[in-house]
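Since the structure comes first, as structure tokens, the remarks are kept for the end.
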Amino acid sequence: MFILSVLKDTIHIQPYDFHKHKFDALTDEINRIYANKVIQDVGLCICLFEIISASEEIVHYGDGASYAKVTFRLVVFRPFIGEIIEGTVSSNTFEGVKVTLGYFDDILIPTHNDDGWKFDHDTQVWVRLWDSQIPWTSPEDKYLYMYMDKDTTIKFRVIEEKFTDIGTKGPPPKRTGAVAGQKAPMPSSSSLPSDVMIVGNNRGGNTQNVKTDTTTNAPTGGKLVPYELIGSIAEVGLGLTSWKWD
Amino acid sequence: MQIIDKRNAMLSNYEVLALLREMDEKQREQANSNPNVKFAENLKTIQFEVIQNLSSSESPSSTQTPEQIETTLTQLKNYNLTKSEKLQFINLRPQSIAELELIIEDCEDRFGMDTLRELIYIIGSNLPMPGQVVRRLESGADALDDESMTFIHYPSEHQL
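Read top to bottom, the protein sequences are chains A and H. Note that full-length UniProt numbering has the first sequence beginning at 1, numbered continuously upward. Note that full-length UniProt numbering has the second sequence beginning at 1, numbered continuously upward.
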């Protein structure tokens with residue numbers, strides 16, 4: 001589930017952090033930038049693991065902050081394809097069953113890919129149909145029913161991962177004569193404000209859609225998430241852990 | 001930002017939990033000596049959520065110790081398992097043949113039923129579940145009998 005990734009970045013230390021030890025200042029700054037953020041094709045960053053090397057700090061003209069090139073390792077949440085994970089059912093949506101791990105919510109078990117699923121309209125939950133091994137007489141007994149009730153523990157296999165570049169709402173683009181309406185250049189520096197990496201603009205660049213999408217969380221898949229896992233429970237032993245597979 | 005190595009190493013859930021707990025401890029110390037100290041909100045959020053998830057009673061990592069993991073790994077050495085399989089054993093603590101078969105790739109070709117039973121025993125005795133510890137150790141033979149029953153039962157399902 002968790003891996004270590006090696007990254008290199010230029011880290012600013014603001015003057016108000018100068019009283020700290022250099023190591024502490026860098027640690028705090030790296031954690032501030034990366035913790036709980038998704039990096040494309042890397043995964044969800046948890047925290048700093050260790051600093052491998054750091055250069056001498058440089059102070060630029062007209063700026064009080066010091067800059068240091070730092071190579072470091074991050075703890076990253078990035079399950080590999082085929083890994084088995086235990087989570088809890090957070091909701092049942094049109095697309096399938098949503099599973100949460102507490103710190104990571106964007107896990108979907110789609111229910112439209114095979115016919116082993118049924119939607120129970122009374123309780124509004126998805127039901128997984130398992131072929132019953134016991135000889136059956138009435139058609140209802142043909143399957144065993146696994147109800148995806150909210151907050152039950154579920155075990156699934158990761159079968160796919162999706163990274164979506166939702167862009168960043170980083171620092172405002174520098175005034176370099178950009179034409180109005182032109183797509184803002186993606187900031188490549190790491191000086192991202194702490195809360196922006198997740199909020200993004202639409203793929204088509206339609207800013208109108210962003211507001212509605214992020215607020216309504218429509219079941220039709222309007223919400224864009226930077227990192228999504230697709231799971232499957234179509235194997236013996238997967239599914240709700242309350243089931244005794246023996 | 002420059003990505004040098006995406007997958008440098010894998011960490012077990014226990015290692016992550018230990019790291020975060022250590023960090024939590026440090027922050028608490030700092031807060032004690034200086035009540036005005038502030039920590040990044042995003043760090044606190046993810047730290048709290050991961051610790052909560054990994055130390056919940058359902059998570060095997062909540063009761064593991066470094067010694068347990070070490071002995072498990074040394075005992076699993078001779079079984080020709082891949083790194084990720086061993087990692088998942090530790091993270092998930094499989095307790096039945098069905099769970100093992102999920103984690104191990106090409107399980108039926110690579111391991112016989114006796115080996116799987118041995119694996120279950122190694123995992124069960126080295127990474128005990130609180131509450132289940134005594135029962136497993138006292139009636140180890142019974143547990144193995146149960147599993148052999150499921151084994152007899154299992155292939156017949158395939159033939160159907």
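Every residue, glycine too, gets a C-beta built ideally from N, C-alpha and C.
Amino acids of chain A, ordered along the chain, whose beta-carbon sits closer than 8 angstroms to that of residue i
i: H/A40; result: D28, N31, R32, A35 and S194
i: H/L43; result: N31, R32, A35, N36 and C47
i: H/Q88; result: E83 and I84
i: H/L19; result: C47, F49 and V75
Residue-level contact to chain H via CB, residue i, 8 angstroms cutoff
i: A/L4; result: yes
i: A/G239; result: no
i: A/Y227; result: no
i: A/D149; result: no
i: A/K20; result: no
i: A/F119; result: no
i: A/V70; result: no
i: A/D165; result: no
i: A/F23; result: no
i: A/D41; result: yes
i: A/F80; result: yes
i: A/T214; result: Note that A/T214 has pLDDT 39, beneath the 50 cutoff, so the model's placement of it is unreliable and no number is given.
i: A/S190; result: With a pLDDT of only 47 at A/S190, under the threshold of 50, the placement of this residue in the model should not be trusted; the figure read from the coordinates follows. With 8 angstroms as the cut-off, A/S190 counts as an interface residue toward chain H.
i: A/G231; result: no
Opening and closing residue of the alpha helix (DSSP H) in which residue i lies
i: H/M23; result: N13 to S33
i: A/T100; result: Not the alpha helix (DSSP H): A/T100 falls in the beta strand (DSSP E), residues G96 to T100.
i: A/Y34; result: K22 to Y34
i: H/L43; result: E41 to L54
i: H/E118; result: M113 to N126
i: H/S57; result: Neither: H/S57 is in no alpha helix (DSSP H) and is coded neither H nor E.
i: H/L100; result: I97 to I103
i: H/F89; result: K83 to L92
i: H/E108; result: C107 to R110
Any chain A beta carbon closer than 8 angstroms to residue i
i: H/E118; result: no
i: H/M23; result: yes
i: H/S84; result: yes
i: H/R136; result: Legend: pLDDT at H/R136 = 39, less than 50; position of this residue unreliable, no value from coordinates given.
i: H/V37; result: no
i: H/E101; result: yes
i: H/V16; result: yes
i: H/E29; result: no
i: H/E58; result: yes
i: H/S139; result: A caution first: H/S139 carries a pLDDT of 38, below 50, which makes its placement in the model unreliable, though a value can still be read off. Cβ-Cβ to chain A under 8 angstroms: no for H/S139.
Under 9 angstroms by beta carbon: chain H residues contacting residue i
i: A/R73; result: D5, N8 and A9
i: A/D115; result: Chain H residues near A/D115: none, gap ~19 angstroms exceeds 9 angstroms.
7 angstroms Cβ cut-off: residues of chain H touching residue i
i: A/V236; result: A98
i: A/Y103; result: I46, E49, V50 and N53
i: A/M1; result: N13 and N91
According to DSSP, residues forming a beta bridge with residue i
i: A/D9; result: A/V70
i: H/A9; result: A/L4
i: A/I230; result: A/L108 and A/E160
i: A/W117; result: A/R128
i: A/K155; result: A/E86 and A/G239
i: A/F77; result: A/F2 and A/L44
i: H/Q2; result: A/K8
Residues that residue i contacts on chain H, provided the C-beta gap is smaller than 8 angstroms
i: A/K162; result: Residues of chain H passing the Cβ test: none, with the nearest at roughly 16 angstroms.
i: A/L7; result: M1, Q2, I3 and I4
Within chain A, the residues that residue i reaches when beta carbons sit closer than 9 angstroms
i: H/I122; result: Ordered by position in chain A, no residue passes the 9 angstroms Cβ test against H/I122, which lies about 19 angstroms from the chain.
i: H/L92; result: I84, I85, E86 and K155
Continuous beta strand (DSSP E) stretch holding residue i: start and end
i: H/L76; result: That residue, H/L76, is in no beta strand (DSSP E); its alpha helix (DSSP H) goes P66 to L76.
i: A/I51; result: G43 to A54
i: A/L238; result: Segment: none, A/L238 is in no beta strand (DSSP E) and carries neither H nor E.
i: A/V125; result: V125 to D131
i: A/E86; result: I84 to N92
i: A/L144; result: Y143 to Y147
heavy atom of the ligand HEM below 7 angstroms from residue i C-beta
i: A/G87; result: The ligand HEM is absent from the structure shown, which contains no ligand whatsoever.
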